[in-house]
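Take 6 as the starting number for the sequence shown in the numbering used here and just add one per residue. Read the structure below first, then the notes.
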Amino acid sequence: MMRQALAAARTAFDHDDVPVGCVVALGDRVIAVGENRREVAADPTAHAEIVALRAAATALGRWRLDDVDVFVTLEPCTMCAGALLNARVRRVVIGALDDKAGAVGSRYNLLSDPRLLHEVEVTYDVLAGESATLLGEFFASRRSAPRNLER
């Protein structure tokens, strides 16, 4: 499943979005796949997790996703962690950690906070090296490219 999430992350890279991919699975069946689409959709909420959760809810015909596992190449931010909590997902499997904006262990730990409405099982460091390498390549390419000041 994480390999499919990495493939989605590469798609995001190809359309100039931060390469993050997400797969939602019900057992061993893929329900939805999402990649970061902020640039192509001009939508600040179009993170891979949000895209995949919306597709999964549509595919299953329900918002409560308490029987699904989510595989994401980069540790979710606070917005995405909140969406995962609200969807009541069962488990989240994370590739690389995000020391700057991670909300599932690095900066915050929203999915394991007993004060919140739901707790999520979390597995860390699945294909973390491959996820981190892809992110590193993306940001290196951005630093070497001429800046578009009109953006």
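All residues carry an ideal CB built from backbone N, CA and C; glycine is no exception. None of these values were measured; they are calculated from a predicted model.
{"Item": "Beta-carbon proximity of C82 to H52, cut-off 9 Å", "Value": "yes"}
{"Item": "Supposed close pair V94, V125 - CB separation, criterion 8 Å", "Value": "6 Å"}
{"Item": "Buried/exposed call for R43, threshold 16 Cβ in 10 Å", "Value": "buried"}
{"Item": "Cβ distance (whole Å) where A46 is taken to contact A61 below 8 Å", "Value": "Going by Cβ atoms, the distance from A46 to A61 rounds to 18 Å, so no, they are not a contact pair."}
{"Item": "For G87 and L115, the rounded distance between their alpha carbons", "Value": "8 Å"}
{"Item": "Buried or exposed (CB count within 10 angstroms, at least 16 for buried), E155", "Value": "Because the pLDDT at E155 is just 49, under 50, the model does not fix this residue reliably, and the value given afterwards should be weighed accordingly. With fewer than 16 other Cβ atoms within 10 Å, it is exposed."}
{"Item": "According to DSSP, residues forming a beta bridge with D74", "Value": "A30, R96"}
{"Item": "Residues that N114 bridges to, as DSSP identifies them", "Value": "V109"}
{"Item": "Spatial distance of L31 from R67 (CA atoms)", "Value": "13 Å"}
{"Item": "CB of E54 within 9 Å of CB of A13, strictly", "Value": "no"}
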